[in-house]
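Q:
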Amino acid sequence: MLTATVNLDLYRYEIHSLIKEFYPEETVKVEVTAPETEMPAPFLSVFFAPDAIRIADRRAEAAEGEDLSRKGRACKTALKHLLYEVLCSRTGRTLPWGELIGIRPTKIAMQRLDAGDSAEEAASYMQRTYGVSRGKASLSAAIAEREKSVLSRINTKDGYSLYIGIPFCPTTCLYCSFTSFPAAAWKESIARYLQCLRREMEQAATLMHGRRPDTIYIGGGTPTSLSAEELEVLLDSVADCFPVEGLLEYTVEAGRADSITADKLKVMKAHGVSRMSVNPQTMNDRTLQLIGRRHTAAQVIDAFHLAREAGFDNINMDIILGLPGEDETDVRHTTEEISALGPDDLTVHSLAIKRASRLAEWIAKNGMPVMVNTDATMAIAADAAKNMGLFPYYLYRQKNMAGNFENVGYAKPGKYGIYNILIMEEVQTVFAIGAGAVTKAVFPDGRIERCDNCKDVATYMENLDEMLARREKLFSGIAEQEGNSKK
Ligand code: SF4
């Protein structure tokens, strides 16, 4: 156990996260020792026990005469900088993403590009300011440039995107921390769930005043855990409520190979779905069994060919690096199998061990498995993407990722996942419906407000009216601000 002691209850999250990046296998505790009123006003201190690392002598100082809360950001940056230096010298290591915690790398790169920097200058800024490695800084700047070019073709102000959550899956993966319920156990409730979604769609169409969505993304869960008939009901509802003809992108995240059939693909194609996914996560059968996916690599190959035969020319595949027991040979095998298929889009995830997942329990029970996500495995995936003619176009990091790495989406030019970029850059409203979905409403002044749906399916269906009312209130706030700005 590592304990950091701070004398101000600010930045607890950042301090905890940064220490954890250096000591992923340790339990890290951040304690506050003194009430804030006893703080020597403009200073922050961090002491470590039991080794008594001390950074208080090098204080993160607020400008004279200004209180800490007003100088919060400057203090936070200075504190993180000091802490990062101490941790580097203590461990003899640097991190690929330096001291970046809780900030999206591409957001920083995007801000620099908007301010007139070249991609090269934006990358240098990230290296200088946050200690980000040259490779990661250049990757962020290249992705930001690609995102900017996609966003420049979208009317983010008047458009919006729609997310529909289908929280059912054939089985639950070991690492899952999403809203997912076993499809077989909920079979009898699916019709009612689809009716609830219909009511939410009708509300979305009303609250968006007939505005045209730019993208629709049906995710989960596993949308194709619905039967072909249920899928048809769902996609008919979408077509009744929204003009789907002019969509820039219409995605169904089919995901699990064992849920993809020719009938379902036919329904999707007939309703104008333009992008879909077949997600293996790994092409090693041993690992697939271990992580509880209950399908084989051969089924992934069959599902992919079935999707191509059904006419899908924009297919995404997801893989995860750092899965239990996998090493470079396994990752190479996965990328070779995927390269032979030639998807249009490949998302490379670094395994994130969420506290709520069965994987966290599994680790506690079985000890730390071999979870090797390294520069070498990341490079194997990046090289495979490059050789398939795919370019990195979106990137995000999560807490507790194996090896302080990142998730990167690669795609063929012209096939970049627009919804993925929009959700990352938060430049337009995403109206999200279904259990566990989170609406992010962008106000005219740029403020973003969230509105969460209940995660539990039964609670979601029982409390639909309450959720609709909350969202109506949120959107009436936007309408009011729009009205005021026109006056
Ligand atoms: S397919 Fe995705 S949502 Fe479903 S159980 Fe696996 S990780 Fe969770």
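Position one of the sequence shown corresponds to residue 176 (the numbering used here), numbered consecutively onward.
Glycine included, C-beta positions come from ideal geometry on N, C-alpha and C.
Going by the DSSP bridge assignment, what does Val-613 pair with across the sheet?
A: Asp-627
Q: Which residues count as close to ligand 1 when the rule is a CB under 6 Å from any of its heavy atoms, in chain order?
A: That gives Cys-344, Thr-347, Cys-348, Cys-351, Phe-353, Ser-355, Gly-395, Gly-396, Thr-397, Gly-430, Arg-431.
Q: State the start and end residues of the unbroken alpha helix (DSSP H) segment that holds Phe-197.
A: 187-197
Q: Suppose contacts are defined by Cβ-Cβ distances below 8 Å. Is Lys-590 in contact with Asp-520 by that definition?
A: yes
Q: Touch check for the stretch 305-315 and the stretch 597-611: three-plus C-beta pairs under 8 Å?
A: no
Q: With the cut-off set at 8 Å, would you say Cys-371 and Leu-639 are in Cβ contact?
A: yes
Q: Glu-428: buried (16+ other C-beta within 10 angstroms of its C-beta) or exposed?
A: buried
Q: Tell whether a beta-carbon distance below 8 Å holds between Met-563 and Gly-517.
A: yes
Q: Do Arg-387 and Thr-426 have their CB atoms nearer than 8 Å?
A: no
Q: Nearest CA to the CA of Glu-512: which residue from Ala-472, Leu-498, Arg-483?
A: Ala-472
Q: Whole angstroms are fine: how far does the CA of Leu-382 sit from the CA of Gly-497?
A: 43 Å
Q: Where in the stretch 431-498 do unbroken runs of the beta strand (DSSP E), each at least 3 residues long, occur, reported from the N-terminal end onward?
A: 450-453, 490-496
Q: Can you tell me where the beta strand (DSSP E) with Val-665 in it begins and where it stops?
A: Nothing about residue 665 can be read from this structure; the chain reaches only from 176 to 662.
Q: Do Asp-460 and Ala-403 have their C-beta atoms closer together than 8 Å?
A: no
Q: Can you give me the Cβ contacts of Phe-650 inside the same chain, cut-off strictly under 6 Å, excluding the 5 residues immediately before and after it?
A: Leu-382
Q: Please list the segments of the alpha helix (DSSP H) lying wholly inside the stretch 354-411, counting only runs of 4 or more residues, in order along the chain.
A: 365-382
Q: What whole-angstrom Cβ distance do Glu-274 and Tyr-300 have, given they're in contact under 8 Å?
A: Not quite, the Cβ-Cβ distance comes to about 14 Å (not below 8 Å), so this is no contact.
Q: Could you pull the start and end residues of the alpha helix (DSSP H) that Leu-516 belongs to?
A: 503-516
Q: Should the stretch 349-359 be regarded as contacting the stretch 394-401, the criterion being three or more beta carbon pairs within less than 8 Å?
A: yes
Q: Nearest to Ala-644 by alpha carbon, out of Leu-410, Gln-378, Tyr-571, Asp-550?
A: Checking every option, the nearest Cα to that of Ala-644 belongs to Gln-378.
Q: Note down the Cα distance separating Ala-586 from Arg-431, rounded to an integer number of angstroms.
A: 20 Å
Q: CA-CA distance, Thr-331 and Leu-440?
A: 30 Å
Q: Would you grab the beta carbon distance between Leu-262 and Leu-177 for me? Rounded to a whole angstrom, and I think it's under 8 Å.
A: Not really, about 11 Å apart at Cβ, beyond 8 Å.
Q: Spatial neighbours of Trp-361 within its chain, please: CB distance less than 7 Å, with the 5 preceding and 5 following residues excluded, ordered by chain position.
A: Phe-343, Val-632
Q: Whole angstroms is fine: what's the gap from Tyr-335's alpha carbon to Pro-619's?
A: Taking the straight line joining both Cα atoms gives about 13 Å.
Q: Does DSSP classify Tyr-635 as helix, strand or coil?
A: In the structure shown, Tyr-635 sits in a helix (DSSP, three-state: H, G or I).
Q: Helix, strand or coil, according to DSSP, for Tyr-350 in the structure here?
A: coil
Q: Can you tell me which of Pro-345, Thr-457, Met-458 puts its alpha carbon nearest to the alpha carbon of Ile-435?
A: Pro-345
Q: In chain order, what are the residue ranges of uninterrupted alpha helix (DSSP H) at least 4 long that sit wholly in the stretch 298-339?
A: 309-326
Q: Tell me whether Glu-581 is buried or exposed, calling it buried when 16 or more other Cβ atoms sit within 10 Å of its Cβ.
A: So Glu-581 counts as buried.
Q: Compute the Euclidean distance between the alpha carbons of Glu-260 and Ile-278, then round it to the nearest angstrom.
A: Cα to Cα, Glu-260 sits roughly 19 Å from Ile-278.
Q: Sort His-384, His-446, Asn-491, Ala-515 by Cα distance to Glu-657 and report the nearest one.
A: Among His-384, His-446, Asn-491, Ala-515, the Cα nearest to that of Glu-657 belongs to His-384.
Q: Out of Leu-409, Asn-659, Thr-281, which has the shortest C-alpha to C-alpha gap to Tyr-601?
A: According to the sequence provided, residue 601 is Glu. The question's Tyr does not apply to it. Ranking Leu-409, Asn-659, Thr-281 by Cα distance to Glu-601 puts Thr-281 first.
Q: Measuring straight from C-alpha to C-alpha, what distance separates Glu-424 and Lys-251?
A: Distance between the alpha carbons of Glu-424 and Lys-251: 39 Å.
Q: Excluding five sequence neighbours on each side, which residues of the same chain lie with their C-beta closer than 6 Å to the C-beta of Ala-297?
A: Ala-284, Arg-287, Leu-288, Ala-316
Q: If Asp-433 and His-470 are in contact, beta carbons under 8 Å, what's the gap, nearest whole angstrom?
A: In this structure, Asp-433 and His-470 form a Cβ contact; the two beta carbons are roughly 4 Å apart against a cut-off of 8 Å.
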